[in-house]
Every structure is written in structure tokens, then in C-alpha cells.
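Worksheet: the structure to be examined is printed underneath.
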Amino acid sequence: MAKIGDIDVGEFPLLLAPMEDVSDPPFRALCKEQGADVVYTEFISSEGLIRDAAKSVMKLDIYEKERPVGIQIFGANLESMLESVEIVEKSGPDIIDINFGCPVKKVVSKGAGAGILKDIDLMVSLTEAMVKHTKLPITVKTRLGWDHDSIKILEVAERLQDVGCKAISIHGRTRAQMYKGEADWRPIAEVKDNPRMHIPVFGNGDVDTPERAVEMRDEYGLDGAMIGRASIGNPWFFREVKHYFKTGEHLAPPTLQERVEAARRHLQMSIDWKGEKLGVFETRRHYTNYFKGIPHFKEYRMKMVTSDDAADVFKAFDEVERDFAGYEFV
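At position 25 of the sequence shown (counting the first as 1) the number is 25 in UniProt numbering, and the numbers step up by one without a gap.
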């Protein structure tokens, strides 16, 4: 059984990755219902928090039904990170996660996210200071290294553990790779196989089928899988993986009715949480996957992703339900 600090997260837990404009409360709720063991918020700027920036503060919203839930923050300034820890604590998360892996230029250019992979000493000292500043378990999400020639993940993981990090999630790419090519899980397995390591080591990157999750567990020996892009518009991925773990068989895909109902709930929860304009806009990215496989779907999808009026989007859901009644997904 994997444990993050004193939190029992189960045998080979499935974790919902922190994703900007994706892993918000509505989507986390859907993933939790479908079997996600641990969910993380979108990553939150420490500088935004201490400036009381509305978008950053809004991301602190968490709910009892999500637990265990982690709030993820990023930054490279020690004072700002420590001050943000104090703000985050007031929201009552179970875990505080530090983002040392985001490859996006606007984050990296400030020395945060994957940018800190250029300065391992700073990475370690920031983590140590945060561990000492809170009673909540501190975890880290990172990448293999800045580029292929600077991969030091074995050293990094040891040092983070030594200063009190309670778990580490490693994306099997370097910052230079961004999201291109295939994730390499071998260095993550080397971290796990290191006899000095005793904290959970979670793998991330390209876990996009139940078979891949089994491979990460059985062939690479990792403690759990962090699921990112495979879950977008597909919260059922978690239950499909767990069914495959138990039976070795694929679960039947969700029905049209399940998909339409999930899309309706997702949109309504998003509107309730962030207002109609933002709720409609930020839910769009999910619709392609919600209805993936339906033939001649472009006309319906265009209605869903171009209208700023929630009523029009709900109407498009109704049309899909009516026009494709009885359609079976394979």
C-alpha cells in the first residue's frame, strides 16, 4: 500500500495530474466518481496567490468529496513560496505539491516549473524550506531533467527525499522534449529501484491505456500512475484501468447516455463554479473526447465549441442524444 505521509492512498493508486484549465473542481469531481484515488488542483502561481490574484485564489477551492486532494503551487522565490504555503493551508488540503516540471515558456522563463531543473540546489533548498514550514505532507512533481544531457533524476529524488519530500511524481520526458516523443519510464524505475528510496515513486507520461498502466505497475515496479491527458474528456479512464487490473479484460465503453449526462453535468458544474462565460469556454476542450467515435460529428462539435451561450451548448447535447440514440461505442 502506498502512503503519502500518513495518508493511505491504496495499492497502486491512480492520481489525476494537475493540468491548467482542466483539473478544476468540476472535472476533479467527475474523475473522483470514476475511481481516481488522489486528485490535484490546477497548478497555482505562488506570486499570484500572494498578490491575491482572483484566478489563482479561485483555484484554492476544494471540497470534502475530493479527498485526498493536493493543491499544487509553483514558483522560484523562497519568500513567495513560503507565504503561499500559509495561504494554501487555510484551504485545508491533504497534500501540498510543488511543480518542478511544467515546461511552458512563461513559467520556465521565471525559473519556476521545469526551469528549476537548471538549479538542483535551489530545487532542494526550496523543498526543504517548505517541508519545515508546514505540517502537511509536501510532494513534488518533476521531469527527468532539463535535457537529455542533464538527467540527474536519481540524485534529485534522493536529495528531495532526504529533505522531507513525502512522494515524487516523475514525468518520463525532459523539459526539452515538452510533450513530444515517447515518455521514458526506465529512469523512473531506476529511482524506484534505488535501495535508498522509501517514499512512493509515481510515474507520469503516456499512461493512455489500461495495458500501459499495468506495464507501469508490473514491469517498471512503480508505486502508482499519475494520469494526465488520457483523462481529458474521459473521466471513465480511471474505472477502466481499475477494471482491467481486477479482471484483465476491457470494460465496455461508456454509453451515449453516460457521455451526454457527464457532459451536461460537467458544463453545469463549471457554470455554477466560475460563471457562464468562463464555464462554457473552459469546458470546450473536453467535448471531442466525450463524443469520440461518433461518425459525422463535426457539425455538433462546432456548435459545442463555438457558442458562448450555455443554452446553445445544452441544446447541442440534446441533439446528440436524439440523433445518435442507440449508437454503440467500441
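Cβ atoms here follow ideal geometry from the backbone N, Cα and C, with glycine treated the same way.
How many angstroms separate the CA atom of residue i from the CA atom of residue j?
{"i": "Lys166", "j": "Asp6", "result": "9 Å"}
{"i": "Gln257", "j": "Glu321", "result": "7 Å"}
{"i": "Lys274", "j": "Glu282", "result": "10 Å"}
{"i": "Gly221", "j": "His133", "result": "32 Å"}
{"i": "Lys32", "j": "Lys65", "result": "8 Å"}
{"i": "Val124", "j": "Arg259", "result": "44 Å"}
{"i": "Phe329", "j": "Pro195", "result": "46 Å"}
{"i": "Arg28", "j": "Pro13", "result": "15 Å"}
{"i": "Asp223", "j": "Phe202", "result": "5 Å"}
{"i": "Glu89", "j": "Gly326", "result": "48 Å"}
Here's the rule I'm using: 16 or more other beta-carbon atoms within 10 Å means buried, otherwise exposed. How should residue i be labelled?
{"i": "Pro25", "result": "buried"}
{"i": "Tyr40", "result": "buried"}
{"i": "Asp193", "result": "exposed"}
{"i": "Thr255", "result": "exposed"}
{"i": "Lys246", "result": "exposed"}
{"i": "Asp21", "result": "exposed"}
{"i": "Asp308", "result": "exposed"}
{"i": "Arg51", "result": "exposed"}
{"i": "Arg186", "result": "exposed"}
Looking at C-alpha atoms only, which residue of the options is the closest neighbour of residue i?
{"i": "Ala157", "options": "Phe281, Tyr179, Ile120", "result": "Ile120"}
{"i": "Ser91", "options": "Val57, Ala36, Gly115", "result": "Val57"}
{"i": "Ser169", "options": "Ser125, Val214, Ala225", "result": "Ala225"}
{"i": "Gly113", "options": "Val140, Arg67, Arg51", "result": "Val140"}
{"i": "Asp61", "options": "Asp37, Ala36, Glu47, Ser23", "result": "Ser23"}
{"i": "Tyr179", "options": "Asp162, Val104, Tyr244, Asp218", "result": "Val104"}
{"i": "Phe100", "options": "Ala54, Ser45, Lys59", "result": "Ser45"}
{"i": "Ile4", "options": "Pro93, Leu82, Asp312, Gly205", "result": "Pro93"}
{"i": "Asp149", "options": "Arg173, Leu136, Arg159", "result": "Arg173"}
Please return the same chain residues whose Cβ sits closer than 6 Å to the Cβ of residue i, not counting the five positions on each side in sequence.
{"i": "Ile87", "result": "Leu49"}
{"i": "Asp323", "result": "none"}
{"i": "Gly10", "result": "Asp37"}
Counting only the same chain and skipping the five closest in sequence on each side, list residues whose C-beta sits under 8 Å from that of residue i.
{"i": "Ala310", "result": "Leu267, Ile271, Glu276, Gly279, Val280"}
Quick one: grab the DSSP three-state call for residue i.
{"i": "Val39", "result": "strand"}
{"i": "Gly113", "result": "helix"}
{"i": "residue 383", "result": "With the chain covering only 1 through 330, there is no way to say anything about residue 383."}
{"i": "Thr209", "result": "coil"}
Considering only residues of the same chain and omitting the five flanking positions on each side of residue i, which have a CB-CB separation below 7 Å?
{"i": "Tyr230", "result": "It is Ala, not Tyr, that sits at residue 230 in the sequence shown. Excluding sequence neighbours, Ala230 sits near Val207, Asp208, Phe237."}
{"i": "Val241", "result": "Leu14, Pro210, Ala213"}
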